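Worksheet: one structure, shown below.
Residue numbers (the working numbering), protein chains in the order written: chain A, 1 to 419; chain B, 1 to 419.
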């Protein structure tokens with residue numbers, strides 16, 4: 001018998017109806033049968049959160065000047081996970097597995113009061129560990145908590161992943177298993193490159209880069225939390241057969257030290273949610289960049305990649321940067337405002353771009369990674385518009401039409417089909 | 001300015017969608033404008049409770065030998081009122097009326113642990129009164145509470161009426177206004193007797209008799225609670241225009257002492273939910289009745305009216321009693337079992353009966369009420385099968401076909417069309 005604590009998490013599509021909740025029940029039962037002391041974190045049934053968000057919109061939550069209605073938004077929306085938690089507890093009992101539901105306020109999961117996007121501050125583990133160690137499955141409503149004053153909060157979209165990791169950390173679980181609609185983290189998107197391979201393990205740092213670069217398997221916050229508390233997270237398919245999950249199933253997100261065979265590059269990620277803003281003929285004087293990026297920051301427009309180059313005349317420069325595609329119009333508007341002040345010649349926005357990135361902790365100790373990237377892309381005639389790098393990642397901005405070509409070329413160049 | 005505390009309660013059809021919740025908001029706003037310090041109790045949106053009950057059934061709540069799943073049933077079903085409370089609080093704020101939602105656990109409404117049909121044990125009023133007196137409307141999820149251990153409970157169908165009255169008692173409200181789909185309590189069902197009149201006032205005792213006799217305006221438990229705490233309850237239509245509710249609107253259920261002009265009979269009630277069980281040729285020996293009614297009680301079959309008469313032979317008797325129509329088959333089965341033991345000749349069940357009753361506190365001090373009842377029915381050729389009486393009520397069991405005729409005859413006989 002394993003006799004260790006395990007947290008399992010199921011998203012909205014895994015609990016969309018009673019038949020699927022029963023399937024979740026069987027997956028839980030199998031882990032209990034292996035001797036795990038289990039806590040399960042559940043999301044709202046698929047579609048229910050959207051239904052409730054629509055009601056809150058109709059009730060006027062979005063009305064200007066009424067931010068405080070967000071606390072009532074949380075009251076409404078948190079009811080979705082409550083329903084699923086109660087139903088799964090019933091289903092488990094009917095299978096002969098002792099179970100008890102917990103809402104955020106009952107554990108309690110203490111958060112700050114940033115309603116709609118609250119951050120977990122504390123989870124006293126005693127209620128859960130006492131129950132789990134007595135052989136009862138704790139069925140926990142994800143996505144929710146309460147303030148120290150006893151008001152309901154929610155953690156924002158995808159918050160159930162965060163709930164699960166935070167609970168795993170609080171109860172000292174050996175692992176947090178996140179059941180999702182994919183069977184793990186791949187070297188790249190298998191819809192683009194058929195030879196993409198599932199990674200058995202990936203480090204927290206790599207996963208963070210992958211997640212923020214557009215591989216939407218795990219919520220970034222949950223990975224940050226897992227890294228901070230050194231909780232191993234496993235991503236696996238909710239279509240795994242009960243009892244069949246083994247050490248080889250899914251992808252384990254863990255500390256770099258726990259990955260025996262280090263790869264130079266672990267994966268190729270891409271994102272089409274970018275837009276490029278180019279400023280032509282900027283006066284080449286100190287303080288110009290600062291004024292541009294201050295204006296964007298004040299408007300809460302996030303800037304990602306930045307490149308600056310000399311223009312045709314010696315005292316002028318060109319600058320290009322990327323923003324989220326949703327923010328493109330806003331960014332253009334802001335640039336037109338600062339144009340009068342700064343006096344550059346022209347501004348252009350191009351939404352027809354993609355960011356392609358290679359990610360790998362091995363880069364830290366290997367040279368030539370960027371060079372092979374540029375070479376592979378050049379061989380396929382892919383023009384690089386902007387480059388940005390971090391310690392474990394290199395990103396390039398290219399014409400969106402070349403996305404698939406670039407992804408496949410890089411996947412082959414780093415030998416990822418042989419992982 | 002009135003400056004007194006008022007509790008308002010709205011049922012599921014009054015909050016069925018956002019448009020109706022806005023209407024409720026305007027009704028609340030009007031009472032606030034009058035200077036009331038308001039608490040509002042809301043039910044789940046119409047249909048939502050049924051949806052959730054269906055899920056819990058599918059999840060196996062009804063499975064034999066699993067009564068403890070009722071605590072999870074409460075977790076699921078209580079989410080309905082939570083949604084409405086949050087939405088109404090938002091709507092009120094958007095109208096410029098400060099509001100804050102409260103769930104059962106937040107006030108808290110402390111109940112026993114009889115999940116699915118819990119009884120309220122205590123409501124510490126401080127949280128509510130502090131808020132109300134500071135000018136904020138407390139929007140309270142009805143139908144729910146929590147055990148002293150912090151588990152969610154529900155009060156059973158119609159429990160929101162009970163929540164509202166209990167909260168009115170706890171905060172010392174001047175009145176509890178129950179908004180419903182009728183505009184008050186009538187001398188009889190207006191669908192049967194067009195000349196039925198709305199009563200301006202009715203005593204708790206009369207209302208209890210009316211409610212238990214089939215006039216389904218208020219839940220019996222809520223009336224009992226109002227009587228125990230002397231909380232005046234007003235029944236009024238949710239289609240009342242905002243600000244138009246006056247002293248004359250609806251029906252006030254109150255202490256007998258507060259009704260100036262006492263009527264002998266206040267109303268005529270009827271119920272078709274009865275079945276008559278007749279036992280022929282019972283041995284006329286002591287202990288026979290006891291054995292019959294013990295057997296029924298053990299099977300949780302409630303017996304209402306009972307009559308016993310001599311049969312054609314001197315040492316035998318006939319007996320008739322009524323049970324709820326749903327229990328008729330069960331009662332017949334039980335009678336067939338005890339027949340072997342007791343040895344009566346025959347048992348017959350007749351579901352084609354109706355109970356018609358006249359109710360009025362004035363009966364206590366007036367003689368001849370029963371006599372006028374029997375006379376009025378005889379004049380219309382209505383045969384009386386069983387009679388039962390209490391201090392303020394006389395009920396007769398008749399052939400169901402005569403129900404409307406009997407109701408109209410009695411309504412006229414006691415001059416109720418002139419109330």
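All C-beta atoms, glycine included, are put in the ideal place defined by N, C-alpha and C.
Since the model is a prediction, treat every value here as computed from it, not as a measurement.
If you run the structure through DSSP and keep just helix, strand and coil, what is residue i?
i	result
residue 122(B)	strand
residue 316(A)	strand
residue 393(A)	strand
residue 80(A)	helix
residue 4(B)	coil
residue 150(B)	coil
residue 183(A)	coil
residue 402(B)	helix
residue 418(A)	helix
residue 197(A)	coil
residue 136(A)	coil
Have a look at residue i and residue j and give me their C-alpha separation to the nearest angstrom.
i	j	result
residue 192(A)	residue 372(A)	21 Å
residue 387(A)	residue 306(A)	8 Å
residue 2(B)	residue 172(B)	Residue placement at residue 2(B) is flagged as unreliable, the pLDDT there being 47, under the threshold of 50; the coordinate-derived value follows with that caveat. Near 14 Å, if we compare the C-alpha coordinates of residue 172(B) and residue 2(B).
residue 60(B)	residue 30(A)	20 Å
residue 231(A)	residue 121(B)	43 Å
residue 77(B)	residue 385(B)	43 Å
residue 21(A)	residue 152(B)	21 Å
residue 318(A)	residue 389(A)	20 Å
residue 261(A)	residue 141(B)	56 Å
residue 154(B)	residue 117(B)	6 Å
residue 181(A)	residue 269(A)	18 Å
residue 175(A)	residue 51(B)	36 Å
residue 493(A)	residue 139(B)	One cannot answer for residue 493(A) here, as it falls past the ends of chain A, which runs 1 to 419.
residue 156(B)	residue 70(B)	11 Å
residue 162(A)	residue 331(A)	31 Å
residue 205(B)	residue 36(A)	58 Å
residue 220(B)	residue 128(B)	25 Å
residue 149(B)	residue 258(B)	41 Å
residue 115(B)	residue 207(B)	27 Å
residue 438(A)	residue 226(A)	The requested residue 438(A) does not occur in the structure, where chain A is confined to residues 1 to 419.
residue 271(A)	residue 146(A)	35 Å
Compute the beta-carbon to beta-carbon distance between residue i and residue j, rounded to the nearest angstrom, for a pair I have assumed lies under 8 Å.
i	j	result
residue 359(A)	residue 393(A)	5 Å
residue 427(A)	residue 416(A)	Nothing about residue 427(A) can be reported from this structure: the residues present for chain A run from 1 to 419 only.
residue 413(B)	residue 376(B)	4 Å
residue 83(A)	residue 79(B)	5 Å
residue 170(B)	residue 110(B)	At roughly 11 Å, the Cβ-Cβ gap does not stay under 8 Å, so residue 170(B) and residue 110(B) are not in contact.
residue 42(A)	residue 88(A)	6 Å
Closest by CA to residue i, which one among the options?
i	options	result
residue 45(B)	55(A), 291(A), 44(A) and 45(A)	55(A)
residue 295(B)	263(B), 334(B) and 270(B)	334(B)
residue 420(A)	183(A), 271(A), 326(A) and 301(A)	Here chain A has residues from 1 to 419 only, and residue 420(A) is not among them.
residue 362(A)	70(A), 408(A) and 264(A)	264(A)
residue 39(A)	7(A), 400(A) and 205(A)	7(A)
residue 340(A)	292(A), 108(A), 106(A) and 187(A)	292(A)
residue 299(A)	352(A), 347(A) and 328(A)	328(A)
Nearest chain B C-beta to residue i closer than 8 Å, yes or no?
i	result
residue 79(A)	yes
residue 87(A)	yes
residue 101(A)	yes
residue 434(A)	Outside the shown range of chain A, which is 1 to 419, sits residue 434(A), and nothing can be said about it.
residue 405(A)	no
residue 142(A)	no
residue 346(A)	no
residue 82(A)	yes
residue 39(A)	no
residue 2(A)	Legend: pLDDT at residue 2(A) = 47, less than 50; position of this residue unreliable, no value from coordinates given.
Are the C-beta of residue i and some C-beta of chain A separated by less than 8 Å?
i	result
residue 76(B)	yes
residue 72(B)	yes
residue 90(B)	yes
residue 61(B)	yes
residue 278(B)	no
Taking 7 Å as the line, does the beta carbon of residue i fall inside it for any heavy atom of the ligand HEM?
i	result
residue 32(B)	Among the ligands in the structure shown, none appear at all, so the ligand HEM cannot be discussed.
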